[in-house]
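Report on the following structure.
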């Protein structure tokens, strides 16, 4: 990619761009804490961009903070955002088997206060970064992470926008009228066996009653975990109803790029 094109892409985000070359993407492992638990994240920035910019948190699947979450953070950094792949399980813990993944994710799903505390610790950490405008924070999440960011939106988290990819929709803490401050974008597959049609309808009704600014996108024939190229391998190894879908992955990411730009009111 030419330097000229890179500069154009960087200028979509900030007026104070020096030379936004792809080679300036820098990632580093970081640590922050929540209630005495060490959380191990991955912070990615484009060091060629000068000045403060919006930040986007990436909340991992139930497998934990792994390379997939980090790669999405890198993709966001290439767009000019500061991105933080968060650690919700603590100490960088990851799962290699669905039983462990279900256990780790289930502990947080049953303890909403713990989940909220760890998410908020990530928000506060990223706000402290020199490259970040603390008034412009968004979050995206995948599967388990999609459920996390939707829960935070329901609780009125001070975020500009959230995006959920094949995330759980069911909740025992529905949004109250006027509670949702963030713009909300949700992508799910209509052949997802982990999310029922009834849950989709209930989610839409909930958002409507809450007066939320939201949009729901359903992909016909698409299964759970459709954005993750490793989904087919997981499906084969563990007999799970997962499948990667290149078209849905590409379309949902393209829509997310536009959503974030619009959410932060970035000018071309």
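Residue numbers (UniProt numbering): 1 to 268.
C-beta: ideal position from N, C-alpha, C; glycine also.
Which residue marks the beginning of the alpha helix (DSSP H) containing residue 76, and which one marks its end? Counting from one through the chain shown, the residue named residue 76 turns up at place 76. Per DSSP, residue 76 belongs to the alpha helix (DSSP H) from 67 to 78.
Can you tell me which of the three DSSP states residue 98 falls into? Here residue 98 refers to the residue found at position 98 of the chain shown. Three-state result, residue 98: helix.
State the start and end residues of the unbroken beta strand (DSSP E) segment that holds residue 133. One-based indexing of the chain shown puts residue 133 at position 133. Segment 132 to 142, the beta strand (DSSP E) holding residue 133.
Residue closest to residue 230, alpha-carbon to alpha-carbon, out of 89, 249, 213 and 175: Indexing the chain shown from 1 puts residue 230 at position 230. When only C-alpha atoms are compared, the closest one is 249.
Relative to the alpha-carbon of residue 55, which residue among 37, 36 and 124 has its alpha-carbon at the smallest distance? Your numbering for residue 55 matches position 55 in the chain shown. Out of 37, 36 and 124, 124 has the C-alpha closest to the C-alpha of residue 55.
Residue 29 bridges to which residues according to DSSP? Here the question's residue 29 lines up with position 29 in the chain shown. For residue 29, which the question treats as bridged, DSSP gives the partners 42.
Pull up the CB-CB distance for residue 265 and residue 244, whole angstroms please, since I reckon it's below 8 Å. Within the chain shown, numbered from 1, the residue matching residue 265 stands at position 265. Within the chain shown, numbered from 1, the residue matching residue 244 stands at position 244. With 8 Å as the limit, residue 265 and residue 244 do not qualify as a contact, their Cβ atoms being about 33 Å apart.
Indicate the three-state DSSP secondary structure (helix, strand or coil) for residue 171 in the structure shown. One-based indexing of the chain shown puts residue 171 at position 171. Three-state result, residue 171: coil.
The beta strand (DSSP E) that contains residue 214, what's its start and end? As a working mapping, residue 214 is identified with position 214 in the chain shown. Segment 214 to 219, the beta strand (DSSP E) holding residue 214.
Suppose contacts are defined by Cβ-Cβ distances below 8 Å. Is residue 148 in contact with residue 117 by that definition? Walking along the chain shown from the start, residue 148 turns up at place 148. Walking along the chain shown from the start, residue 117 turns up at place 117. Cβ distance not < 8 Å, so residue 148 and residue 117 don't count as in contact.
Going by beta-carbon coordinates alone, are residue 61 and residue 145 separated by less than 8 Å? Stepping through the chain shown from its first residue, residue 61 is reached at position 61. Stepping through the chain shown from its first residue, residue 145 is reached at position 145. Against a cut-off of 8 Å, the Cβ pair of residue 145 and residue 61 comes out as a contact.
Status (buried if at least 16 other CB within 10 Å, exposed otherwise) for residue 99: Locating residue 99 in the chain shown gives position 99, where the first residue counts as 1. Looking at its Cβ environment, which holds fewer than 16 other Cβ atoms inside 10 Å, residue 99 is exposed.
Roughly how many whole angstroms lie between the Cα atoms of residue 132 and residue 126? Taking the first residue of the chain shown as 1, we reach residue 132 at position 132. Taking the first residue of the chain shown as 1, we reach residue 126 at position 126. Cα-Cα distance, rounded: 7 Å.
Does residue 120 come out as helix, strand or coil in the three-state DSSP assignment? If you number the chain shown from 1, residue 120 lands on position 120. Three-state result, residue 120: helix.
The region 73 to 87 / the region 160 to 177 touching (three or more Cβ pairs under 8 Å): no
Comparing alpha-carbon positions, which option in 247, 212 and 84 lies nearest residue 219? Translated into positions along the chain shown, residue 219 becomes position 219. Of the candidates 247, 212 and 84, the one whose C-alpha sits nearest the C-alpha of residue 219 is 247.
Do residue 151 and residue 112 count as a contact pair if the criterion is CB distance below 8 Å? Counting from one through the chain shown, the residue named residue 112 turns up at place 112. Counting from one through the chain shown, the residue named residue 151 turns up at place 151. It is a contact, given that the beta carbons lie within the stated cut-off.
Whose CA, out of 206, 223, 169 and 121, lies closest to the CA of residue 36? Taking the chain shown and counting its residues from 1, one reaches residue 36 at position 36. Closest option to residue 36, Cα to Cα, is 121.
What is the rounded straight-line gap between the Cα of residue 214 and the Cα of residue 182? Indexing the chain shown from 1 puts residue 214 at position 214. Indexing the chain shown from 1 puts residue 182 at position 182. Distance between the alpha carbons of residue 214 and residue 182 is about 9 Å.
First and last residue of the uninterrupted beta strand (DSSP E) at residue 164: Stepping through the chain shown from its first residue, residue 164 is reached at position 164. Per DSSP, residue 164 belongs to the beta strand (DSSP E) from 161 to 165.
Pairwise C-alpha distance: residue 255 and residue 128: Along the chain shown, one-based indexing puts residue 128 at 128. Along the chain shown, one-based indexing puts residue 255 at 255. Looking at the two C-alpha atoms, the distance is approximately 28 Å.
List the residues that DSSP assigns as beta-bridge partners of residue 188. In the chain shown, the residue the question calls residue 188 occupies position 188. Note: residue 188 sits in a beta bridge opposite 218.
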